[in-house]
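In terms of the numbering used here, the sequence shown opens at residue 16 and continues consecutively.
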Amino acid sequence: MVLRARDIRVEYDGERPTRAVRGVSFELRRGEVLGIAGESGCGKSTLAYAVTRMLKPPARMTGGSLTFRTREGEEIDLLSLDEEGLRSFRWTRLSMVFQSAMNALNPVTTIGRQFGDIFRAHRPEMEKEERVRRTRDLLEMVGIDAERINGYPHELSGGMRQRVVIAMALALEPEVVIMDEPTTALDVVVQREILDEVERLREELGFSVIFITHDLGLLLEISDRLAVMYAGEIIEYAPAEELATQAAHPYTQGLLRSFPDLTGVRRELRGIPGSPPDLRTEPPGCAFADRCEQAFDVCRSIAPRLLELDRREPGRPAGRWTAACHLNDPDHRPAAGAPTTEG
Ligand code: SF4
Ligand code: MG
16 MVLRARDIRV
26 EYDGERPTRA
36 VRGVSFELRR
46 GEVLGIAGES
56 GCGKSTLAYA
66 VTRMLKPPAR
76 MTGGSLTFRT
86 REGEEIDLLS
96 LDEEGLRSFR
106 WTRLSMVFQS
116 AMNALNPVTT
126 IGRQFGDIFR
136 AHRPEMEKEE
146 RVRRTRDLLE
156 MVGIDAERIN
166 GYPHELSGGM
176 RQRVVIAMAL
186 ALEPEVVIMD
196 EPTTALDVVV
206 QREILDEVER
216 LREELGFSVI
226 FITHDLGLLL
236 EISDRLAVMY
246 AGEIIEYAPA
256 EELATQAAHP
266 YTQGLLRSFP
276 DLTGVRRELR
286 GIPGSPPDLR
296 TEPPGCAFAD
306 RCEQAFDVCR
316 SIAPRLLELD
326 RREPGRPAGR
336 WTAACHLNDP
346 DHRPAAGAPT
356 TEG
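See below:
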């Protein structure tokens with residue numbers, strides 16, 4: 016494990032506070048890609064900001080713990096880091112690439128100078144010559160001509176700028192890179208090239224990735240494990256490969272039905288009717304009940320717990336597949352043969 020999040024809670028202050036992240040736990044293993052999926056507004060980005068300690072008011076963390084285990088084996092409690100501690104932690108241990116990142120490059124400063132700023136802040140002992148060499152290497156590593164070091168961001172296409180941002184995120188060899196919709200603004204071909212590049216770099220450099228997107232199809236392809244979020248909670252957590260065909264949660268099943276089959280067989284594209292609940296007024300019971308075709312009476316009164324599925328096979332680690340749905344809970348699911356929908 017490299018990063019462990021336990022029971023993370025985030026609220027947006029307001030007249031009626033919005034509970035945007037409601038008790039999320041996960042463990043990122045060393046070298047893996049953990050995908051986080053869900054419709055927009057489900058709390059994915061808020062979770063990313065919480066994990067990187069970048070939440071800004073009115074958002075604030077109201078509970079949970081975050082533990083980082085470094086490659087040297089030291090455990091760091093991220094919530095206890097002060098500003099100085101966070102500053103040295105970011106980039107060196109954990110870095111981030113956001114959707115709008117390519118627009119965050121400084122337009123009036125050369126690419127080389129922007130890399131230089133990172134090195135000067137975190138590796139003050141580095142000589143100028145080495146900074147330049149390292150920058151050129153990084154640019155080439157993400158498929159950009161090293162001569163661009165003296166160029167400006169506006170001379171590059173969106174895809175190339177996003178590559179620059181990824182190279183910056185990798186500049187200090189972090190152990191974890193969090194990517195929130197890193198390619199969503201780009202066309203499909205460029206997106207594909209960049210993802211292949213990230214995958215190659217990950218194999219070469221061995222960092223772990225948390226990859227956040229609403230694009231479940233893409234996540235199924237690139238993730239080792241996948242967490243599906245709904246209304247601020249993880250509702251299913253599973254090995255990505257098997258999730259595509261064996262999703263246990265009705266919401267995941269609905270998401271899977273709403274994009275074309277990866278094998279090229281076009282399935283009926285069918286969105287999930289309805290919209291997520293208002294998190295300022297939390298309904299009792301399952302947050303998905305209003306949109307769930309399989310809802311039954313208990314769903315409206317008792318919130319389902321994230322439980323290990325009973326399809327667990329011998330020899331496989333516990334906790335590898337969990338879902339929060341009463342249909343998977345022996346205490347609540349209707350008896351076989353009984354009607355499963357409300358009358
Ligand atoms: Fe549907 Fe009930 Fe499962 Fe919620 S708990 S997803 S409403 S069946
Ligand atoms: Mg988002």
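Backbone N, C-alpha and C define an ideal beta-carbon position, used for all residues, glycine too. Just so it is clear, the structure is predicted and the values come from calculations on it, not from any experiment.
Using the C-alpha atoms, what's the distance from residue j back to residue i?
i	j	result
His169	Ala116	14 Å
Gly166	Thr67	30 Å
Arg146	Gly88	28 Å
Leu185	Leu49	18 Å
Ala302	Pro319	9 Å
Glu308	Gly46	38 Å
Gly286	Ala65	29 Å
Leu96	Pro139	21 Å
Arg149	His137	14 Å
Ser40	Ile23	6 Å
Met141	Arg135	7 Å
Leu93	Ala63	13 Å
Met69	Gly78	15 Å
Glu162	Gly131	15 Å
Arg44	Asp239	10 Å
Nearer than 8 Å: is that true of the beta carbon of residue i relative to any heavy atom of the ligand SF4?
i	result
Gln261	no
Cys57	no
Tyr266	yes
Phe222	no
Pro332	no
Phe303	yes
Pro319	yes
Leu49	no
Val313	yes
Leu324	no
Leu258	no
Ala8	There is no way to answer for residue 8, as the model of the chain reaches only from 16 to 358.
Leu10	Outside the displayed span of the chain (16 to 358) sits residue 10, for which this structure offers no information.
Ala242	no
Ala116	no
Ala310	yes
Between which residues of its own chain and residue i is the CB-CB distance below 7 Å, once the five residues before and five after are set aside?
i	result
Ile159	Met175, Arg178 and Val179
Phe222	Pro189, Glu190, Val191 and Val192
Check whether the Cβ atoms of residue i and residue j lie closer than 9 Å to each other.
i	j	result
Met183	Ile133	yes
Gly38	Glu248	yes
Ile51	Ala246	no
Ser110	Val191	yes
Gln129	Ala200	no
Ile237	Leu18	no
Tyr27	Ala20	no
Leu210	Leu231	no
Arg295	Pro73	no
Thr85	Arg102	no
Gly289	Arg306	yes
Could you pull out every residue in the same chain whose Cβ sits closer than 8 Å to the Cβ of residue i, ignoring the five residues on either side in sequence?
i	result
Ala304	Pro298, Ala310, Cys314 and Arg315
Leu324	Ala263, Trp336, Thr337, Ala338 and Asn343
Thr15	Residue numbering for the chain in the displayed model covers 16 to 358; residue 15 lies beyond these limits and cannot be assessed.
So, at 6 Å on beta carbons, what are the nonlocal neighbours of residue i in its own chain, with the 5 sequence-adjacent residues on each side left out?
i	result
Ile91	Phe83
Gln268	Ala262
Phe274	Gly232
Legend entry - Cβ contact check for the segment 56 to 72 and the segment 191 to 199: 3 or more pairs under 8 Å: Yes, they touch.
Inset, instruction - Give a yes or no on contact between the segment 242 to 259 and the segment 328 to 345, applying the rule of three or more CB pairs nearer than 8 Å. - result: Yes, since at least three Cβ pairs between the segment 242 to 259 and the segment 328 to 345 fall closer than 8 Å, the two stretches touch.
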